[in-house]
């Protein structure tokens, strides 16, 4: 994820992030990341958007999954869409790190000819 609060396992925003996101296969239907894309479930309590610009570009322009599930920004919990992709911030904890947000459950429509086994 992009640099955030000097946490471990972060990379600088920009090219370093893009190199990581380029590793996502183009045929991904359900993408799960820790960090949100900018503009979707990423608004912090300080009114700052903490999402990743490069992730949004990768998701909308190349990968185009049906669902993008993430967390990280607890106060961004919920579901939104750009009309093509459904974005789910599934953070179970609230801003105080208490598990107050219920799990988000969603149904996946199988493609024609595919049966549930």
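In our numbering, the protein residues as written are 55 to 171.
Note that the Cβ used here is the ideal one computed from N, Cα and C, for glycine as well.
C-alpha distance - residue i paired with residue j, whole-angstrom precision
| i | j | result |
| --- | --- | --- |
| residue 109 | residue 152 | 27 Å |
| residue 67 | residue 107 | 8 Å |
| residue 92 | residue 143 | 12 Å |
| residue 131 | residue 154 | 11 Å |
| residue 65 | residue 89 | 12 Å |
Three-state secondary structure assigned by DSSP to residue i
| i | result |
| --- | --- |
| residue 73 | helix |
| residue 171 | coil |
| residue 97 | strand |
| residue 149 | coil |
| residue 130 | helix |
| residue 113 | helix |
| residue 107 | helix |
Which listed residue (the options) has its alpha carbon closest to that of residue i
| i | options | result |
| --- | --- | --- |
| residue 149 | 133, 98, 94 | 98 |
| residue 81 | 167, 92, 115 | 115 |
| residue 133 | 94, 72, 84 | 94 |
| residue 118 | 137, 101, 160 | 137 |
| residue 79 | 113, 168, 131, 130 | 113 |
| residue 164 | 158, 135, 84 | 84 |
| residue 127 | 120, 147, 156, 161 | 147 |
| residue 74 | 102, 111, 160, 171 | 111 |
Per DSSP, the bridge partner or partners of residue i
| i | result |
| --- | --- |
| residue 135 | 140 |
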